[in-house]
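What follows is one structure encoded as C-alpha cells, with my remarks underneath.
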Amino acid sequence: MVAVAGLGMINTDPPEPDGDTLAEGVYLLKFEGPGRKVQMTDGSEAILVKRLSPSVGVGGALRSQVNDNTRFIVTINELGPLPPEVANEQTALGVDDLVFHLGRPERLPVDGMVNSWANVYSAGAARTLAARYKIEPHRREHPGHKYEVRWAPAKSRYAVGEAVELRMELQNTRAEPPRFTFGGQQRGPRNNQFRFL
11 MVAVAGLGMI NTDPPEPDGD TLAEGVYLLK FEGPGRKVQM TDGSEAILVK
61 RLSPSVGVGG ALRSQVNDNT RFIVTINELG PLPPEVANEQ TALGVDDLVF
111 HLGRPERLPV DGMVNSWANV YSAGAARTLA ARYKIEPHRR EHPGHKYEVR
161 WAPAKSRYAV GEAVELRMEL QNTRAEPPRF TFGGQQRGPR NNQFRFL
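With the working numbering, letter number 27 in the sequence shown gets 37, and the count goes up by one each step, no holes.
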C-alpha cells in the first residue's frame, strides 16, 4: 500500500463532511484522529485528513490476483503533482466514491508526478475502475486442464497423533480415457509411492 505526503506550499481544503460526495483526488490517509471517516474497498475504516491533489491520474493496468476474479491490482500513472510528504505518509485515492489505499513511492520526482498502484478488493470496484479509466481488466481464466486433482482425507476426523491418510481424487475432464505410464525416467524405486484404486 502506498503512503503519500503533501507539500507544505500546497493549500488544500479539508475533506467535505460525512455524507457529501467525496471530491476526487489523492488524500493524506490516517487510521485515527480528525478528518473524514471513509470505508476502504477492503471494508476497513480509515480517515482522510486532507486532499493533496485533485489528480486521479491515468489508468495503467487492472490485473486479477485470484482465480475467481474478485481481487485485482490497479496501476495508476501520471498521478499528481503530489507534495513531498507522500514519500513518508500513507495516501489514498478517491475516485467515483471509492477509496483505495495507494502504494508509497520511495522517492518523489522533482515534478511530483508518480506512477502508483492499489489493491482492489471487489469485482464491483474493479468494474468501476475499468469503466472510469477505460482499462480492459486482465481476468484469470480456466487454463483448460485435462485432469483435475484433489486431495481428500480418508476420514472426516482424526485423533491427535493419529496418522492422516489422504486420497488423491483424479477426475478426467475430457472425453478420452486417461493413460498412465508405469515407471519413470530416473533410477531408483518410484512405482510404489501411490496406489491407483
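The beta-carbon is built from N, C-alpha and C at its ideal position, and this holds for glycine as well.
Residue pairing by DSSP places Ala56 opposite Val48 in a beta bridge. Between Glu99 and the set Val84, Glu116, Asp107, the nearest pair of CA atoms involves Glu116.
A Cβ-Cβ contact shorter than 9 angstroms links Gly45 with Lys60. When the alpha-carbon of Ala71 is set against those of Val84, Asp78, Pro64, Thr80, the nearest one is in Val84. Sequence-distant partners of Ala136 (beyond 5 residues in either direction) whose C-beta falls short of 7 angstroms from its own C-beta, in its chain, are Leu72, Phe82, Val130, Pro147. Of all alpha-carbon atoms in Gly171, Thr183, Arg167, Leu118, the one lying nearest the alpha-carbon of Tyr157 is that of Thr183. DSSP places Gly134 outside any beta strand (DSSP E); the residue lies instead in the alpha helix (DSSP H), whose first and last residues are 133 to 143. The Cβ neighbour count for His111, taken over all protein chains shown within 10 Å, is at least 16; the residue is labelled buried.
Around Lys40, the same chain offers Ile57, Val59 as residues with beta carbons nearer than 6 angstroms, after the five sequence neighbours per side are excluded.
When only Cα atoms are considered, Val96 and Arg114 end up about 7 angstroms apart. Distances from the CA of Ser74 to each of Gly104, His152, Val124, Val105 were compared; the closest alpha carbon is that of His152.
In this structure, Gly35 sits away from Ser54, with a CB-CB distance that is not shorter than 9 angstroms. In the displayed model, Ala97 falls within a helix according to three-state DSSP.
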